[in-house]
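**Student:** This is the structure I want to talk about, given as structure tokens.
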């Protein structure tokens, strides 16, 4: 019996008795959702139309933006490609969500199709109230097809299918060339200057500013904002790069890399095993690729011998810098866009600045030939889906960058070593030249000049000597620090461990064996040993705590918390020396941006000074007072003690490196305090005596909040 | 005398430390428990070979963390040994006061180290309780502080210079930044660690201190 549902328009056919076939259909509103919600910006939609032109084997593609400053303007994209037949329009252009472009099938010119799904095209076409397609197929020399889509027609219907579109077939003039023109009329919104600039940039970068595009595809944008960018892209400075990193990956996942200088001479090279050290030389599981990076040293000295100016290269890099990805000849956004640092180049440069490029000092590209569609672009064109293949590509490029940084660092170290050994010889040579020049002076001028030069040499010599002493002192202290750390590790290990274990066992067993006799005869000495061992362990830990690398990280530093931590670490020292510490902290938790190590070194050095001062005699009790006060956006920290105060040295001199009144003192503590406070943007001062009787150091640090 | 814990009987405890005096020292509280300390004097050699003969020698293991100070004693640290013992069902205790132990311990290995004594001189009863805890866990009875839960992990930042990343576990404490060594992460996770990236992993959320947190079964969302 036939179904009685046949009259309903939602049911399209009945095929057999007792069965009804039907279809999923789409409401007209889905067009808006698909086009607008999956493609976030106007420029991305227009770019899809340009990619369609590329896929149609166009050599030229002209994008015109007319009166787009206000709503009502128009956009046209005109190419000289192969155009479309009526079948191409019906089976491809008008079908959304399915691409008729098979990436494994190349186009007539051997291009790998770039567009897909047609959603970007939909977004572009829906920007206006009407979209006109006019196409002249290569295969039909006398024919052209025209199609008008009036989006108003879709407002009054329920389903997409309810609107019939008409393709008009016309005879074309013999002079009319093949190609397609799409015009979007009556744009519903204003296209802002930043959006046009972004579009211009993307069109310029589409086939690359690298000057070796073999596809012959030339998209041109007619828009006022285009001019300045166009000149930027026309100027190519690749030959002026200081370094060019070239890395390639073969089809079997083996990589190699080389760095060449601006003349193309190879500086260093690496094979797969050197590049892939961190992955135990396993192959990279991604399509074959080539990675190029041109690195510029943006310093005046570096440009002194070049034909181009630093002022030209800097904006060029700012606009186009970063590493772009080109898949099958066309760029994939957003890699290399401003703000897109997909390789963490800037982060790594911040953490280890020497010899590393940033996105503002380099420009590069990863060229991938991916005919098997392993890399899949996200529907909203916001990059590749993060598949294993993509992760492997990123890993390879980062490995290459890491390798180059290491090699450049090695070279820099060699240069420094060489400069250190050559400097004295160069100085001697300069002196000979200077003496010879003086000898040529008239007799009357010779003596005063000689005298002035000698004075100058002496002054410079003294300055150098002072720096040498300072460096030596820092080196000595660093060595002391390293050695202390090793001793601290070792002493907290075996010797203290064995004493602790043994004394613990003696205590336990003696108590059991001797009963009350233990309390009378052994408890006191055993406890003394236990206490002393614990004290030793704490001292070792205090040294090691200062070395914690986490403390050297930049971030938010709670000044009260750091001070409390230092005081806790120092507690055994204070207890052993009968030092009392009074804290007078202001309310809240004042903090700044810096490193914990910086604040810690200020407090530690000042406490060390106070402890040392007490050995020279305290006025009464051994007291240290740490006080904090808020003064607007500054925090004042005052550390005073009851020691003898600053004696035998002027207040000006206490900050100078190496100046100390203590035998075997380093004279560096207050220098470190001064330098660290300055680094944190603060001020430091000292008073010879305080209310407690001893020295008082006053520090003011700018804080972010409390 | 033997120590009976549940269905297990402990008698011979293998004491592992590369320092002969410290080894002896760890033996005293074990003796005081009435157990027999067996001192591992010879170099440990390959872990796999060492483990294959372990059950014949001892019922449980007591190991110091640092085993590589004295030349040739071991090629691995105590955490590796203790974790391997756990995997093989042998109760084992790790003991150390090494200051940097927390930054050296592999967070995945911590899953297999139920007892870490941070003292040089563990009293006998602490050792006994430690073995009781080990045996309980080997039977599948976890203390709340050791029980793992699947939870979200958010990468806070990455410090490539130190080969570390810092993560936040929203299900535990939004303010707590936990340091993980990049090399300790599984390959497919390590490669994707970037700030704000989210993963899932099994973590003992009830641990009292972040030092005791272990991370296993990482999932890339």
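Chains as they are written, first to last, in the numbering used here: chain A, 171 to 876; chain B, 485 to 705.
For each residue, glycine too, the CB sits at the ideal point set by N, CA and C.
If you're wondering where the values come from, they're calculated on a predicted model, not measured in any experiment.
(1) Below 8 Å on the Cβ atoms is my contact criterion, and I expect residue 407 of chain A with residue 431 of chain A to pass it. Report the Cβ-Cβ distance as a whole number of Å.
(2) Which of helix, strand or coil does DSSP assign to residue 231 of chain A?
(3) In or out: residue 627 of chain A buried (at least 16 other Cβ within 10 Å) or exposed?
(4) Residue 702 of chain A touches chain B at which residues, Cβ-Cβ below 9 Å?
(5) So, for residue 230 of chain A: in the same chain, excluding its five sequence neighbours on each side, which residues have a beta-carbon less than 6 Å away from its beta-carbon?
(6) Could you tell me the boundaries of the beta strand (DSSP E) in which residue 699 of chain B lies?
(7) Does the Cβ of residue 189 of chain A have 16 or more other Cβ atoms within 10 Å, making it buried, or fewer, making it exposed?
(8) Pairing CB atoms from the segment 415–427 of chain A with CB atoms from the segment 447–463 of chain A, are three or more of them under 8 Å?
(9) Please report the straight-line C-alpha distance between residue 624 of chain B and residue 605 of chain B, rounded to a whole angstrom.
(10) Go through its chain and collect everything with a Cβ distance to residue 618 of chain B's Cβ below 8 Å, but skip five positions before and after it.
(11) Whose Cβ in chain B lies nearer than 9 Å to the Cβ of residue 707 of chain A?
(12) Run the CB neighbour count on residue 637 of chain A, radius 10 Å, all protein chains shown included, and call it buried at 16 or more, exposed below.
(13) At a Cβ threshold of 8 Å, is residue 839 of chain A touching chain B?
(14) What separation, rounded to the nearest whole angstrom, lies between the Cα atoms of residue 686 of chain A and residue 677 of chain A?
(15) Between residue 340 of chain A and chain B, is the shortest Cβ-Cβ distance under 8 Å, so that the two count as touching?
(16) Alpha carbon to alpha carbon, what distance is there between residue 615 of chain A and residue 622 of chain A?
(17) Sort A:248, A:277 and A:235 by Cα distance to residue 298 of chain A and report the nearest one.
(18) Would the segment 625–640 of chain B count as touching the segment 490–503 of chain A if we require 3 or more Cβ pairs under 8 Å?
(19) Output yes or no for whether 8 Å exceeds the beta carbon distance between residue 654 of chain B and residue 636 of chain B.
(20) For residue 779 of chain A, count neighbouring Cβ atoms within 10 angstroms of its own Cβ and tell me buried if that reaches 16, exposed if not.
(21) Look at residue 692 of chain A and residue 707 of chain A and say whether their C-beta atoms are less than 8 Å apart.
(22) With burial defined as no fewer than 16 other Cβ atoms inside 10 Å of the residue's Cβ, what is the status of residue 781 of chain A: buried or exposed?
(23) Hey, how far is the Cα of residue 452 of chain A from the Cα of residue 622 of chain B?
(24) Alpha carbon to alpha carbon, how far is residue 393 of chain A from residue 362 of chain A? Give it in angstroms, no decimals.
(25) The beta strand (DSSP E) that contains residue 501 of chain A, what's its start and end?
(26) Would residue 561 of chain A and residue 495 of chain A be called neighbours here (beta carbons separated by less than 8 Å)?
(27) Along the chain, which unbroken stretches of the alpha helix (DSSP H) at least 4 residues long are found entirely within the segment 521–573 of chain B?
(28) I think residue 573 of chain A touches residue 427 of chain A, with their Cβ atoms under 8 Å apart; what is that distance to the nearest whole Å?
(29) Check each residue of the segment 557–582 of chain A: if its Cβ is closer than 7 Å to any Cβ of chain B, include it; give the result in chain order.
(30) Quick one: does residue 674 of chain A have its CB under 8 Å from some CB of chain B?
(31) State the CB to CB distance for the pair residue 650 of chain B and residue 663 of chain B, rounded to an integer number of angstroms; the pair is presumed to be in contact (CB under 8 Å).
(32) Spatial neighbours of residue 758 of chain A within its chain, please: C-beta separation below 6 Å, excluding the five flanking residues on both sides.
(33) Buried or exposed: residue 555 of chain B, going by 16 or more other Cβ atoms within 10 Å of its Cβ?
(34) Ignoring anything shorter than 3 residues or poking outside the segment 450–532 of chain A, list the beta strand (DSSP E) runs there in chain order.
(35) Against residue 225 of chain A, what residues of chain B qualify as contacts under a CB-to-CB distance less than 9 Å, listed in chain order?
(36) For the segment 547–562 of chain B against the segment 500–507 of chain B, are there 3 or more C-beta pairs whose distance is under 8 Å?
**Tutor:** From the atom records:
(1) Actually they are not in contact, since the Cβ atoms of residue 407 of chain A and residue 431 of chain A sit about 15 Å apart, beyond 8 Å.
(2) DSSP places residue 231 of chain A in the strand class (E or B) of the three-state scheme.
(3) Counting Cβ neighbours within 10 Å, residue 627 of chain A comes out exposed, since fewer than 16 surround it.
(4) Neighbours of residue 702 of chain A on chain B: none; closest Cβ ~14 Å, over 9 Å.
(5) 250 and 388.
(6) 699–704
(7) exposed
(8) yes
(9) Rounded to the nearest angstrom, the two C-alpha atoms are 29 Å apart.
(10) 544, 570, 575, 576, 577, 598 and 599
(11) Those are 581 and 604, listed as they occur along chain B.
(12) exposed
(13) no
(14) Each residue's Cα considered, the two are about 13 Å apart.
(15) no
(16) 11 Å
(17) Selected option, being the one with the closest Cα: A:235.
(18) Taking 8 Å as the limit for Cβ pairs, the verdict is that the segment 490–503 of chain A does not touch the segment 625–640 of chain B.
(19) Yes, these two residues count as a Cβ contact at 8 Å.
(20) buried
(21) no
(22) buried
(23) If you take the alpha carbons of residue 452 of chain A and residue 622 of chain B, they lie about 37 Å apart.
(24) 12 Å
(25) Per DSSP, residue 501 of chain A belongs to the beta strand (DSSP E) from 500–502.
(26) no
(27) 531–536, 538–541 and 562–571
(28) Indeed, because the Cβ distance is near 6 Å, the residues count as touching under 8 Å.
(29) Among the residues of the segment 557–582 of chain A, those with a Cβ less than 7 Å away from any Cβ of chain B are 561 and 565, in the order of the chain.
(30) yes
(31) 6 Å
(32) Correct list, in chain order: 876.
(33) exposed
(34) 459–465, 492–497 and 500–502
(35) Within chain B, no residue comes near residue 225 of chain A; the closest Cβ sits about 33 Å away, beyond 9 Å.
(36) Because the criterion of three Cβ pairs below 8 Å is met, the segment 547–562 of chain B and the segment 500–507 of chain B touch.
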